[in-house]
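Okay, structure first, notes after.
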Amino acid sequence: MGQIHLTLSQFISKKQTFPTGEGCGLSELLGDVGLVGKLIAQDLRRAGLINILGTTGETNVQGETVKKLDEIANETFLSVLRQTTQVCALASEEMEKPAYFQERGPECKYIVLVDPLDGSSNTDCNMPLGAIFSVLKRSLPDRMPSDEDLLKRGIEQVAAGYLLYGSSTMLVYTIGQGVHGFTLEPGIGEYLLSHENIRIPEKGTIYAANEGNYQKWTAGTKKYFDDLKVHDKATGRPYSGRYSGCLVADLHRMLLGGGIYLYPGEVDKPEGKLRLLYEANPLAFVVEQAGGKASTGMSRILEVEPKKLHQRVPLIIGSRRDVETADAFIQGRT
Ligand code: AHG
Ligand code: MN
Ligand code: MN
Numbered sequence: 000m001g002q003i004h005l006t007l008s009q010f011i012s013k014k015q016t017f018p019t020g021e022g023c024g025l026s027e028l029l030g031d032v033g034l035v036g037k038l039i040a041q042d043l044r045r046a047g048l049i050n051i052l053g054t055t056g057e058t059n060v061q062g063e064t065v066k067k068l069d070e071i072a073n074e075t076f077l078s079v080l081r082q083t084t085q086v087c088a089l090a091s092e093e094m095e096k097p098a099y100f101q102e103r104g105p106e107c108k109y110i111v112l113v114d115p116l117d118g119s120s121n122t123d124c125n126m127p128l129g130a131i132f133s134v135l136k137r138s139l140p141d142r143m144p145s146d147e148d149l150l151k152r153g154i155e156q157v158a159a160g161y162l163l164y165g166s167s168t169m170l171v172y173t174i175g176q177g178v179h180g181f182t183l184e185p186g187i188g189e190y191l192l193s194h195e196n197i198r199i200p201e202k203g204t205i206y207a208a209n210e211g212n213y214q215k216w217t218a219g220t221k222k223y224f225d226d227l228k229v230h231d232k233a234t235g236r237p238y239s240g241r242y243s244g245c246l247v248a249d250l251h252r253m254l255l256g257g258g259i260y261l262y263p264g265e266v267d268k269p270e271g272k273l274r275l276l277y278e279a280n281p282l283a284f285v286v287e288q289a290g291g292k293a294s295t296g297m298s299r300i301l302e303v304e305p306k307k308l309h310q311r312v313p314l315i316i317g318s319r320r321d322v323e324t325a326d327a328f329i330q331g332r333t
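For the sequence shown, position 316 matches number 315 in numbering that gives the first Met the number 0, and the numbering has no gaps at all.
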């Protein structure tokens with residue numbers, strides 16, 4: 000028998016230390032996010048055979064076309080996390096308002112925000128997909144959270160991570176003690192530790208962005224992208240472009256091998272496209288915990304003050320030195 004990997008629950012109980020009273024709750028919650036991943040991965044493996052590709056005919060609160068799989072993933076998060084003892088509210092990209100689990104008592108500590116299916120333009124062509132989650136602590140134990148209680152800065156997250164449905168299914172998370180990655184072993188239905196304490200290289204040679212938007216960008220942003228293509232061996236340029244249409248998959252590549260993902264603000268849309276609370280913040284927490292950086296181009300993502308649930312934000316994320324260089328161009332310092 001080869002090396003036996005720790006399971007997700009073994010790893011959490013053996014290797015992570017929690018402040019008193021936090022242990023079981025977060026451990027159950029991470030296990031339940033893993034369960035969502037198993038259920039969705041099972042659907043995805045046979046998606047072309049069970050009539051779950053294509054659109055529902057609806058548009059969501061963001062004005063985007065809803066894919067059948069967006070809805071299935073959202074329903075799966077709802078039905079699994081509704082049963083997670085310590086979760087009292089769930090907010091999602093696919094729901095205008097958060098769902099509150101009113102039956103929960105004061106011992107119920109956590110609020111979860113999710114992008115239930117990330118990269119949904121990839122559903123119908125068998126390309127990678129993901130899900131992103133952010134966990135906040137309920138502020139007042141004696142009353143259910145209100146909509147405002149969900150509007151917290153990223154630095155207040157107690158856990159965050161993502162599921163990646165690629166050639167294998169992975170769960171990657173942080174509780175503020177490094178970043179750890181688990182690969183689903185489908186034969187036994189367990190997540191096994193495959194990437195302990197991921198550290199992102201401080202500089203990479205890969206960039207990911209939708210360059211079809213080039214003409215919409217500011218002069219500083221355009222100049223940065225032009226600079227990535229200059230031939231200069233010493234700095235690893237030209238960088239290679241790798242853009243999958245799935246932020247989770249692109250970010251996972253950067254975490255392991257270094258590089259930078261950008262969805263910048265545009266001249267006519269300075270707020271960018273991605274959502275602060277359930278896309279940018281959780282991935283920024285993960286990347287910072289791995290030694291990288293996440294910025295709006297102007298400031299640290301984790302310190303952005305949220306004003307509304309579905310708020311958008313420009314996102315520049317990845318290797319520390321690459322993000323610093325991009326920020327310098329965007330701010331007109333280079
Ligand atoms: P979602 O599928 O949750 O709406 O997110 C899509 C995001 C992100 O995953 C991806 O990098 C980007 O939006 C793709 O947008 P473009 O099609 O504009 O490139
Ligand atoms: Mn997304
Ligand atoms: Mn989505």
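Using N, Cα and C, we set each Cβ at its ideal position, and we do this for glycine too.
- residue 114 in three-state terms, based on DSSP: Counting from one through the sequence shown, the residue named residue 114 turns up at place 115. Residue state for residue 114 is assigned as strand, using DSSP reduced to three classes.
- Message: What does the alpha-carbon distance come out to for the pair residue 254 and residue 247?
- Response: For this step, residue 254 is matched to residue 255 along the sequence shown. For this step, residue 247 is matched to residue 248 along the sequence shown. Answer to the nearest angstrom: the Cα atoms are 10 Å apart.
- Query: Hey, would you say residue 144 sits closer than 8 Å to residue 137, going by beta carbons?
  - Reply: Along the sequence shown, one-based indexing puts residue 144 at 145. Along the sequence shown, one-based indexing puts residue 137 at 138. Result yes, Cβ atoms of residue 144 and residue 137 sit closer than 8 Å.
- Task: For my contact list, residue 335 and residue 226 are in at a C-beta cut-off of 8 Å; report their separation, rounded to the angstrom.
- Result: The displayed coordinates of the chain run from 0 to 333. Any statement about residue 335 would go beyond what the structure contains.
- Run through DSSP, which three-state label would residue 251 get? Sequence index remark: in the sequence shown, residue 251 carries index 252 (1-based). DSSP places residue 251 within a helical segment (H, G or I) once states are collapsed to three.
- Hey, out of 287, 80, 174, whose CA is closest to residue 334's CA? This structure cannot speak to residue 334, because the chain is shown only from 0 to 333.
- Task: State the DSSP-derived secondary structure class of residue 178, mapped to helix, strand or coil.
- Result: In the sequence shown, residue 178 corresponds to position 179, counting from 1. Note: residue 178 maps to strand in three-state DSSP.
- Item | Whole-Å CB distance - residue 150 paired with residue 305, under 8 Å assumed | Position 151 of the sequence shown, counted from the first residue, corresponds to residue 150. Position 306 of the sequence shown, counted from the first residue, corresponds to residue 305. Contact holds; Cβ gap of about 4 Å.
- Query: Using the rule of at least 16 other Cβ atoms within 10 Å of the residue's Cβ for burial, across every protein chain shown, is residue 332 buried or exposed?
  - Reply: To locate residue 332, count along the sequence shown from 1; it is residue 333. In summary, residue 332 is exposed, with fewer than 16 beta-carbon neighbours lying within 10 Å of its beta-carbon over all protein chains present.
- Buried or exposed: where does residue 267 fall if 16 or more other Cβ atoms within 10 Å of its Cβ makes it buried? Here residue 267 is taken as the residue at index 268 of the sequence shown, counted from 1. Residue 267 is exposed by the Cβ-count criterion.
- Item | Own chain partners of residue 64 with C-beta closer than 7 Å, once the 5 adjacent residues on each side are dropped | Residue numbering aside, residue 64 sits at position 65 when the sequence shown is read from its first letter. Sequence-distant partners of residue 64 (beyond 5 residues in either direction) whose C-beta falls short of 7 Å from its own C-beta, in its chain, are 54, 58.
- C-alpha distance - residue 24 paired with residue 31, whole-angstrom precision: Counted from its first residue, the sequence shown places residue 24 at position 25. Counted from its first residue, the sequence shown places residue 31 at position 32. Going by the C-alpha atoms only, they are around 11 Å apart.
- For residue 170 and residue 178, the rounded distance between their alpha carbons: Working through the sequence shown from its first residue, we reach residue 178 at position 179. Working through the sequence shown from its first residue, we reach residue 170 at position 171. Looking at the two C-alpha atoms, the distance is approximately 11 Å.
- Query: Which runs of the alpha helix (DSSP H) spanning at least 4 residues fall entirely within the stretch 269-299, listed in chain order?
  - Reply: Runs of the alpha helix (DSSP H) inside the stretch 269-299: 280-288.
- Message: Please tell me whether residue 115 and residue 163 are closer than 8 Å, where the distance is taken between their beta carbons.
- Response: For this step, residue 115 is matched to residue 116 along the sequence shown. For this step, residue 163 is matched to residue 164 along the sequence shown. Result no, Cβ atoms of residue 115 and residue 163 do not sit closer than 8 Å.
- Does the separation of the CB atoms of residue 326 and residue 296 fall below 8 Å? Counted from its first residue, the sequence shown places residue 326 at position 327. Counted from its first residue, the sequence shown places residue 296 at position 297. Yes; because the gap between Cβ atoms is below 8 Å, this pair is in contact.
- Find out if the Cβ-Cβ distance for the pair residue 159, residue 193 is shorter than 8 Å. As a first step, residue 159 is located in the sequence shown; it is residue number 160 there, counting from the start. As a first step, residue 193 is located in the sequence shown; it is residue number 194 there, counting from the start. No, the Cβ-Cβ distance between residue 159 and residue 193 is not below 8 Å.
- Kindly indicate which three-state DSSP category residue 100 falls into: helix, strand or coil? Along the sequence shown, read from residue 1 onward, the residue named residue 100 stands at position 101. In the structure shown, residue 100 sits in coil (DSSP, three-state: anything other than H, G, I, E or B).
- Query: Regarding residue 63 and ligand 2, is the C-beta to nearest heavy atom distance less than 7 Å?
  - Reply: Reading the sequence shown from its first residue, position 64 is the one you call residue 63. No, Cβ of residue 63 sits at least 7 Å from all heavy atoms of ligand 2.
- Message: Which of the three DSSP states is assigned to residue 14 in this structure?
- Response: Locating residue 14 in the sequence shown gives position 15, counting from the first residue. Residue 14 falls in the helix class under three-state DSSP.
- Name the two residues that bound the continuous beta strand (DSSP E) containing residue 136. For the purposes of this step, residue 136 is identified with residue 137 of the sequence shown, where counting begins at 1. First-last of the beta strand (DSSP E) with residue 136: 128-136.
- Simplified DSSP assignment, three categories, for residue 63: The count along the sequence shown starts at 1 and reaches residue 63 at position 64. In the structure shown, residue 63 sits in coil (DSSP, three-state: anything other than H, G, I, E or B).
- Task: Would you mind sorting residue 97 into buried or exposed? The rule is 16 or more other CB atoms within 10 Å of its CB.
- Result: Stepping through the sequence shown from its first residue, residue 97 is reached at position 98. Residue 97 counts as buried, since at least 16 other C-beta atoms from the protein chains shown sit within 10 angstroms of its C-beta.
- Query: Can you tell me whether residue 66 is buried or exposed, with buried defined as 16 or more other CB within 10 angstroms of its CB?
  - Reply: Within the sequence shown, the letter at position 67 stands for residue 66. So residue 66 counts as buried.
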